[in-house]
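52 is the number of the first residue of the sequence shown in the numbering used here; add one for each residue after it. In this text, a Cβ means the ideal position worked out from N, Cα and C, and glycines have one as well. To keep things clear, I will list the structure first and then write my remarks on it.
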Amino acid sequence: MVAYPISAGEPLAEPPRAHFDCLETLWFQISGTLCNLRCNHCFISCSPDNHALEMMETGEVFRYLDQAKELGVKEVYYTGGEPFIHKDILAILERTLRDFPTSVLTNGLPINDQRADRLKQLSEGSRYSLEIRISLDDHDEKRNDAVRGKGTFRQVLNTYQRLYERDFLPILTVSEIRDYLDPEEPHTDPFQKYVDLLRSIGVKRPRVKIIPVFEMGMLPIPDQATALSTDMMESYDHSLLQCSASRMVASDGIYACPILVGEEKARMAKGSLQEALKPCSLYHAACHTCYLTGMTCRNF
Ligand code: SF4
Ligand code: SF4
């Protein structure tokens, strides 16, 4: 088994390829790299003024949804940036829920009472599930706000309660960045701390997803990042990699996965989902994190 160091995502040898099984999960980078927040760990460097990836046009989203239906896609996810700053997000969710179980990843801040009411209507009017994922970065208010911005911790919990009161059970999604913020803190059972946090605001059945940090975007790739080799993939179960069964659609094309959105070498096709259904290159340092953790951006 050979692992070799890479710098800034550049491998020294031809990288291996992931197997591609079938397209089960389709992601949309609906708001591109535009977000109402400017978190200092964002792995795709989103912010209110980052136009590297633009908002997707609504008609374009609908065209991809038609293709997804023909290809038998099982579930659809919307992310960004912040999906709820897209002007047509509610209409897009309504259309998506006609055909697919649907999830939205949000920082929670743009969901006011009126929007929460509409989400409830959409959820109740569909035969498919509507899941809301709300992101937080620490169970400690000060440390969360140091990453996401002042006041965000309280606003996230307010949105969580607003949705909970309307019968949603949002999934609190946490980037595990505590070591990044405070190297002194022991790394013990972070999951339970978030469960306790939700219980403290009255949530009876807390749902928490913890995702590993990907050192990219606002976090630089370490000097000694490790690339995957063909040998390493030989006895590996490729189905553990989300790129074996998912693709990410953005305004400028279709990417191998949600993590590498915007990376030119991960762009598989433009416009046609069918053309993107082929093995992708495991060339990036982030692929090693997937390899080690088996992480998925899906709900669970
Ligand atoms: S981490 Fe999420 S909420 Fe923060 S800037 Fe990036 S996309 Fe926006
Ligand atoms: S980052 Fe992960 S999901 Fe994306 S192509 Fe690499 S291994 Fe696949």
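May I ask you to report which of helix, strand or coil DSSP gives residue i?
{"i": "M107", "result": "coil"}
{"i": "K329", "result": "coil"}
{"i": "R146", "result": "helix"}
{"i": "L232", "result": "Unreliable placement is indicated for L232, whose pLDDT of 46 sits below 50; the coordinate value is still reported in the next sentence. Here L232 sits in helix by DSSP."}
{"i": "L116", "result": "helix"}
{"i": "E75", "result": "coil"}
{"i": "S290", "result": "helix"}
{"i": "A197", "result": "helix"}
{"i": "L85", "result": "strand"}
{"i": "M346", "result": "coil"}
{"i": "K260", "result": "strand"}
Under the criterion of a Cβ to heavy atom distance below 7 Å, does residue i qualify as lining ligand 1?
{"i": "N195", "result": "no"}
{"i": "N163", "result": "no"}
{"i": "S177", "result": "no"}
{"i": "G313", "result": "no"}
By Cβ distance below 6 Å, which residues in the same chain neighbour residue i in space, the five residues on each side in sequence not counted?
{"i": "C341", "result": "L292"}
{"i": "E105", "result": "G83 and S302"}
{"i": "F204", "result": "E192, N195 and D196"}
{"i": "Y306", "result": "M299, V312, A317 and R318"}
Between residue i and ligand 2, is the CB less than 7 Å from at least one heavy atom?
{"i": "Q118", "result": "no"}
{"i": "Q293", "result": "yes"}
{"i": "H92", "result": "no"}
{"i": "H70", "result": "no"}
How big is the Cα-Cα spacing for residue i and residue j?
{"i": "S323", "j": "Q118", "result": "8 Å"}
{"i": "D72", "j": "S251", "result": "42 Å"}
{"i": "S98", "j": "E121", "result": "34 Å"}
{"i": "D353", "j": "C86", "result": "In the structure as shown, the chain begins at 52 and stops at 351. Residue 353 is therefore absent and cannot be evaluated."}
{"i": "S280", "j": "P241", "result": "32 Å"}
{"i": "A278", "j": "G345", "result": "15 Å"}
{"i": "N217", "j": "L248", "result": "Per the sequence shown, residue 217 should be read as Arg rather than Asn. Answer to the nearest angstrom: the Cα atoms are 19 Å apart."}
For residue i, which residues in the same chain have their Cβ closer than 8 Å to its Cβ, ignoring the five residues on either side in sequence?
{"i": "L173", "result": "L141, L144, E145, L148 and L181"}
{"i": "V246", "result": "P257 and V259"}
For residue i, which option in the options has the closest C-alpha, if you only look at C-alpha atoms?
{"i": "L214", "options": "M346, F242 and G159", "result": "G159"}
{"i": "V264", "options": "R205, H70, I95 and W78", "result": "I95"}
{"i": "K255", "options": "M299, H102, F219 and Y287", "result": "F219"}
{"i": "V207", "options": "F351, E285, N163 and E108", "result": "N163"}
Identify, in the order they occur along the chain, each residue of the same chain with its Cβ nearer than 7 Å to the Cβ of residue i, setting aside the five sequence neighbours on each side.
{"i": "Q212", "result": "I252"}
{"i": "F113", "result": "R146"}
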